[in-house]
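Chains as they are written, first to last, in numbering that gives the first Met the number 0: chain A, 0 to 195; chain B, 0 to 195.
Cβ coordinates follow ideal geometry from the N, Cα and C atoms, glycine included.
If you're wondering where the values come from, they're calculated on a predicted model, not measured in any experiment.
This report refers to the structure that appears directly beneath it.
Protein chains: 2
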Amino acid sequence: MIETGARRREIDEVASELFHANGYAATSVRDIARALDIQGASLYAHVASKEDLLWAIVDRSASAFEHAADRAVDETGDADAVERLAALVEAHVEVVAADPERSSVFVTEWRHLSGGRRAVIAGRRDAYEARFRETIRDGVAVGAFRPTDPAIAATFILTALNGIATWYRPDGRLSPDRIADHYVELALRSLSEDHR
Amino acid sequence: MIETGARRREIDEVASELFHANGYAATSVRDIARALDIQGASLYAHVASKEDLLWAIVDRSASAFEHAADRAVDETGDADAVERLAALVEAHVEVVAADPERSSVFVTEWRHLSGGRRAVIAGRRDAYEARFRETIRDGVAVGAFRPTDPAIAATFILTALNGIATWYRPDGRLSPDRIADHYVELALRSLSEDHR
DNA sequence: TGCGATGCCTAACGATCGTTAGGTAGGAGG
DNA sequence: CCTCCTACCTAACGATCGTTAGGCATCGCA
């Protein structure tokens with residue numbers, strides 16, 4: 000029975016911030032408790048283990064990316080691969096900007112999950128990456144993108160996208176919209192046909 | 000007096016592997032010692048502290064990137080911005096491929112350095128990123144690249160490049176040369192003028 | 001008025017952390 | 001032969017780790 004109350008959500012948020020700032024392994028349960036002005040042991044009234052905290056953050060973030068990609072693909076209908084890739088990139092940027100801490104924890108800390116959970120996340124990441132890869136493959140097939148290795152191109156674009164989570168701050172110079180516009184442009188052009 | 004003997008180099012290498020695989024904070028001194036078949040305390044005959052180990056790895060990796068970029072820029076002479084950016088990207092890929100563990104530790108674990116050292120590395124990273132940024136700015140100025148925000152473009156390209164360190168394995172499907180070729184192509188096209 | 005949640009407390013557990021102290025075995029060089 | 005040096009050992013330090021046990025106050029609701 001997973002707790003989902005208001006207090007639990009506060010705990011998740013604080014944990015996200017600290018895991019983002021210092022990393023999962025370097026953040027102690029007592030660090031999280033101190034940020035909430037309670038004792039370390041008191042956290043265990045809400046959480047079964049430290050790893051469960053990480054799991055809650057990573058699982059929710061993975062779902063956010065998946066749902067955003069679902070929505071993006073649905074909305075573009077059966078448009079061409081170029082538009083679908085643009086929608087995927089835009090959706091990804093929006094998810095990151097909506098919660099950069101959680102997203103960055105998802106991207107960088109999921110390896111600290113143990114065993115089965117790590118495998119589950121690895122699978123979901125692969126599936127998510129496959130959407131980009133296959134959209135690129137489709138675009139190459141119909142001549143919308145230049146002939147290139149879809150796996151390399153997808154990894155290139157996705158690692159660039161994930162990098163946003165590590166540097167984006169809501170109070171920074173760039174609005175999420177501007178970032179999304181630029182990244183869509185950079186990603187699409189990196190696959191564009193003519194050049195020079 | 001910094002030790003540079005053969006044994007110390009083995010220790011650095013083992014530490015690189017473990018910091019890459021599990022992260023700095025999640026790797027104990029005794030983990031490193033076990034991989035060397037010695038006792039944890041014995042490491043302190045070679046190293047002053049765990050953080051000094053991280054520092055040695057990060058400092059050497061930073062120098063590798065800096066020297067490679069120096070060489071790349073020297074060799075292209077006063078060629079145009081397009082060629083200089085291509086040389087920078089290629090050099091970066093080569094450094095990563097030459098020692099992926101060390102590079103990935105450099106990219107992901109430098110925040111665990113304390114105080115002054117972290118600031119030093121932050122500065123060197125900024126300076127390195129500035130080379131990309133200014134090359135892009137030059138290219139935009141002379142019309143070799145489309146008009147775009149050089150800071151965003153540089154970050155886009157560099158985070159994609161750094162991502163290589165996390166997934167590249169020497170025994171993988173892709174040779175360093177092929178990766179470099181593809182990444183140069185992707186990076187240059189992302190900045191190219193005409194499109195569609 | 002009583003009752004069960006809810007939310008936090010103190011105290012403590014065994015394990016593990018980075019690190020220090022002090023000692024020993026073996027090889028190189030005078 | 002003696003001495004220094006390198007490389008490692010055992011033992012232990014105080015701190016901190018994740019986690020458990022058991023108790024106490026406050027609240028909504030019957």
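Within 8 Å, strictly: CB atoms of residue i and residue j
| i | j | result |
| --- | --- | --- |
| Arg83 (chain B) | His45 (chain B) | no |
| Ala71 (chain A) | Ala143 (chain A) | no |
| Ser60 (chain B) | Arg101 (chain B) | yes |
| Ala164 (chain A) | Val57 (chain A) | no |
| Pro99 (chain A) | Tyr23 (chain A) | no |
| Ser174 (chain A) | Arg188 (chain B) | no |
Cut-off 6 Å between Cβ atoms - residues of its own chain near residue i, not counting five sequence neighbours on either side
| i | result |
| --- | --- |
| Val183 (chain B) | Ala85, Val88, Glu89 |
| Ala92 (chain A) | In the sequence on display, residue 92 (chain A) carries Val and not Ala. So the qualifying residues of the chain are Ile178, Ala179, Tyr182. |
| Ile156 (chain B) | Ala186 |
| Trp109 (chain A) | Val57, Ile120 |
| Glu65 (chain A) | none |
Assigned secondary structure, residue i (DSSP; H/G/I helix, E/B strand, else coil)
| i | result |
| --- | --- |
| Ser41 (chain A) | helix |
| Thr3 (chain B) | coil |
| Tyr182 (chain A) | helix |
| Glu192 (chain A) | coil |
| Tyr127 (chain A) | helix |
| Gly171 (chain A) | coil |
| Gly76 (chain B) | coil |
| Pro149 (chain A) | helix |
| Ser48 (chain B) | coil |
| Asp36 (chain A) | coil |
| Thr107 (chain B) | helix |
| Thr154 (chain B) | helix |
| Ala96 (chain B) | helix |
| Thr134 (chain A) | helix |
| Glu9 (chain A) | helix |
| Phe144 (chain A) | coil |
| Leu112 (chain B) | coil |
| Ala24 (chain B) | coil |
Residues of its chain near residue i, where Cβ-Cβ distance is below 8 Å and the 5 sequence neighbours each way are ignored
| i | result |
| --- | --- |
| Pro149 (chain A) | Arg132, Glu133, Ile135, Arg136, Val139 |
| Ile10 (chain A) | Ile31, Leu35, Leu42, His45, Val46, Leu52 |
| Ser191 (chain B) | Phe144, Arg145 |
| Val104 (chain A) | Ser15, Phe18, His19, Tyr23, Leu53, Ile56, Val57, Ser60 |
| Val141 (chain B) | Asp79, Ala80 |
| Asn21 (chain A) | Asp30 |
Supposed contact pair residue j and residue i - C-beta distance, whole angstroms, cut 8 Å
| i | j | result |
| --- | --- | --- |
| Ala68 (chain B) | His111 (chain A) | Between His111 (chain A) and Ala68 (chain B) the Cβ distance is about 33 Å, and since that is not below 8 Å, they are no contact. |
| Glu128 (chain A) | Ala153 (chain A) | 6 Å |
| Glu50 (chain B) | Ser113 (chain B) | 6 Å |
Own chain, CB closer than 7 Å to residue i, minus 5 neighbours either side, in chain order
| i | result |
| --- | --- |
| Ile37 (chain B) | none |
| Gly39 (chain B) | Val28, Arg29, Ala32 |
| Asn161 (chain B) | Val106 |
| Val13 (chain A) | Ile31, Ala34, Leu35 |
| Arg195 (chain A) | Here the model assigns Arg195 (chain A) a pLDDT of 42, short of 50, so the residue's position is not dependable and the matter cannot be decided. |
| Arg116 (chain A) | Trp54 |
| Asp125 (chain A) | none |
| Ala118 (chain A) | none |
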